[in-house]
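> One structure, pasted below without further comment.
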Amino acid sequence: MGRKRRPEVPDPGQRVSLLGPDGRWRDGFVAVSGPLSDDRYGVVIRVAEEGEYRKARREGRRAVWMPWPLERLRF
């Protein structure tokens, strides 16, 4: 049996790191959507800060998110 392949996109709720414009990785974010098409950036994932994501879940609301290009995500 072969090993399971790593998913090509993060699952909603999965922790991710973002590659910033300065070339540094930033931790503390969570994917809040699957892949979406964006005319400007190609494939994006909606991400939220981890604290905001947890707070929104406790309060029963959607987290405040931002789109992030898939190729600039690490998970």
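Numbering-wise, the sequence shown is residues 634 to 708 according to the numbering used here.
Don't be surprised by glycine CBs; every beta carbon is placed ideally from N, CA and C.
1. Where Val642 and Asp655 are concerned, what is the direct C-alpha to C-alpha distance, given to the nearest angstrom?
2. Looking only at its chain, what residues have a beta carbon closer than 7 Å to the beta carbon of Asp671, apart from the 5 residues adjacent to it on each side?
3. Report the three-state DSSP secondary structure of Gly653 (helix, strand or coil).
4. Where Arg707 and Ala696 are concerned, what is the direct C-alpha to C-alpha distance, given to the nearest angstrom?
5. How many angstroms separate the CA atom of Gly675 from the CA atom of Gly661?
6. Check whether the Cβ atoms of Val680 and Leu651 sit closer than 8 Å, and answer yes or no.
7. I'd like the ranges of any alpha helix (DSSP H) spanning at least 4 consecutive residues and lying wholly in the stretch 645 to 701.
Here's the rundown:
1. Rounded to whole angstroms, the gap between the alpha carbons of Val642 and Asp655 is 23 Å.
2. Val677, Pro700
3. In this structure, DSSP gives Gly653 a state outside helix and strand, which the three-state scheme calls coil.
4. 20 Å
5. 23 Å
6. yes
7. 683 to 692
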